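Q:
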Amino acid sequence: AQSVAQPEDQVNVAEGNPLTVKCTYSVSGNPYLFWYVQYPNRGLQFLLKYITGDNLVKGSYGFEAEFNKSQTSFHLKKPSALVSDSALYFCAVRDIAGNTPLVFGKGTRLSVIA
Amino acid sequence: DGGITQSPKYLFRKEGQNVTLSCEQNLNHDAMYWYRQDPGQGLRLIYYSQIVNDFQKGDIAEGYSVSREKKESFPLTVTSAQKNPTAFYLCATAGGGAGQPQHFGDGTRLSIL
Numbered sequence: 010a011q012s013v014a015q016p017e018d019q020v021n022v023a024e025g026n027p028l029t030v031k032c033t034y035s036v037s038g039n040p041y042l043f044w045y046v047q048y049p050n051r052g053l054q055f056l057l058k059y060i061t062g063d064n065l066v067k068g069s070y071g072f073e074a075e076f077n078k079s080q081t082s083f084h085l086k087k088p089s090a091l092v093s094d095s096a097l098y099f100c101a102v103r104d105i106a107g108n109t110p111l112v113f114g115k116g117t118r119l120s121v122i123a
Numbered sequence: 013d014g015g016i017t018q019s020p021k022y023l024f025r026k027e028g029q030n031v032t033l034s035c036e037q038n039l040n041h042d043a044m045y046w047y048r049q050d051p052g053q054g055l056r057l058i059y060y061s062q063i064v065n066d067f068q069k070g071d072i073a074e075g076y077s078v079s080r081e082k083k084e085s086f087p088l089t090v091t092s093a094q095k096n097p098t099a100f101y102l103c104a105t106a107g108g109g110a111g112q113p114q115h116f117g118d119g120t121r122l123s124i125l
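The listed protein sequences correspond, in order, to chains A and B.
Residue 123 is where the first sequence ends in my numbering, and the numbering goes up by one at each step.
Residue 125 is where the second sequence ends in my numbering, and the numbering goes up by one at each step.
Here you go:
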């Protein structure tokens with residue numbers, strides 16, 4: 010079975026500081042990993058994905074994520090947070106062996122304070 | 013303009029009533045999905061379809077039904093058997109292989125009168 014854990018319900022960071030939103034996963038084989046962002050009353054927007062290759066993945070709006078196979082983690086990062094980054098962030102996983110629906114974490118609410 | 017259209021944006025249901033949520037896509041994607049979102053619980057999969065005229069139950073299918081008669085459309089019916097239907101419902105699509113992301117509509121918020 011596949012699963013995703015986002016251990017923090019809420020992350021607070023000051024504008025201009027670096028931010029990290031944590032994600033760990035569990036799959037039986039190798040993973041495809043995804044990050045999404047959701048603004049109020051909107052659908053999820055795709056930010057970035059890890060398929061294979063370089064462990065550091067760059068995505069939209071200056072976000073990046075680091076895949077760590079030994080720690081089964083895929084943390085989302087940004088060097089300098091903006092107030093407009095405040096939103097709900099979801100990590101998702103799929104085993105590469107099957108074209109099954111993504112399994113999502115419960116989400117982490119990011120608040121960037123000016 | 014390519015995308016996923018969910019309608020209506022807001023929907024109200026009376027006790028004992030069935031309601032149908034619409035999801036239409038013009039992305040030519042084979043796979044379509046319905047998720048339910050409740051505060052603090054993330055997204056939970058209701059039903060999904062990987063091809064026309066076929067669909068699979070997700071984790072919380074009880075009280076819901078779907079059809080997939082056309083590639084472009086995947087309507088979700090919330091039946092009177094669903095005792096706690098108040099939630100935000102999200103439709104998603106995916107094309108290509110397992111490495112492709114799912115794309116989401118802007119959701120329908122269902123409330124009970």
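Ideal Cβ placement from N, Cα and C applies to all residues, glycine included.
For clarity, every value in this text was computed on a predicted model and none was experimentally measured.
1. Sort Val31/B, Gly54/B, Glu84/B and Gln49/B by Cα distance to Leu39/B and report the nearest one.
2. Which residues, in chain order, does the region 91-123 of chain B contribute to contact with chain A at a C-beta distance below 9 Å?
3. On the premise that Gln49/B lies in contact with Ser34/B, defined as a C-beta separation below 8 Å, what is that separation, rounded to the nearest angstrom?
4. Around the Cβ of Leu3/A, are there at least 16 other Cβ atoms within 10 angstroms (buried) or fewer (exposed)?
5. Taking the straight line between their C-alpha atoms, what separation do you get for Tyr101/B and Thr120/B?
6. Under 8 Å between C-beta atoms, does Tyr76/B make it to chain A?
7. Would you mind working out which of Ser12/A, Ala90/A and Phe43/A sits nearest Glu75/A, comparing C-alpha positions?
8. Using a Cβ-Cβ distance cut-off of 8 Å, determine whether Gln29/B contacts chain A.
9. Pick from Pro110/A, Pro27/A, Gln15/A and Phe55/A: whose alpha carbon is nearest that of Lys86/A?
10. Mind listing which residues of the region 47-59 of chain B have their C-beta closer than 9 Å to chain A's C-betas, in chain order?
11. Output needed in chain order: residues of the region 63-75 of chain B with a Cβ under 8 Å from some Cβ in chain A.
12. Taking only runs that begin and end inside the region 99-125 of chain B, name each unbroken beta strand (DSSP E) of 3 or more residues, in chain order.
13. Only counting the same chain, and skipping five residues up and downstream in sequence, which positions put a Cβ closer than 6 Å to that of Asn39/A?
14. Here's the rule I'm using: 16 or more other beta-carbon atoms within 10 Å means buried, otherwise exposed. How should Val102/A be labelled?
15. Check the Cβ of Ile105/A against every Cβ in chain B and list those closer than 7 Å, keeping chain order.
16. Can you give me, in chain order, the residues of the region 108-121 of chain A that have a beta carbon less than 9 Å from any beta carbon in chain B?
17. Along chain B, which residues have their Cβ under 8 Å away from the Cβ of Lys58/A?
A: The answer reads as follows:
1. Glu84/B
2. Phe100, Leu102, Cys103, Ala104, Ala106, Gly109, Ala110, Gly111, Gln112, Pro113, Gln114, His115, Phe116, Gly117, Asp118, Gly119 and Arg121
3. Incorrect: roughly 17 Å between the Cβ atoms, too far for contact.
4. No answer is possible for residue 3/A: the residues shown for chain A start at 10 and end at 123.
5. Taking C-alpha positions only, Tyr101/B is separated from Thr120/B by approximately 5 Å.
6. no
7. Residue Phe43/A is the option with its Cα nearest to Glu75/A.
8. no
9. Pro27/A
10. Tyr47, Gln49, Gly52, Gln53, Gly54, Leu55, Arg56 and Leu57
11. For the region 63-75 of chain B, which is checked against every Cβ of chain A, the residues closer than 8 Å are Gly70.
12. Along the region 99-125 of chain B, the beta strand (DSSP E) occurs as fully enclosed runs of 3 or more residues at 99-106 and 120-124, listed in sequence order.
13. Ile105
14. buried
15. Ala110
16. Asn108, Thr109, Pro110, Leu111, Val112, Phe113, Gly114, Lys115 and Gly116
17. Under the 8 Å cutoff, chain B gives Gly111 and Pro113.
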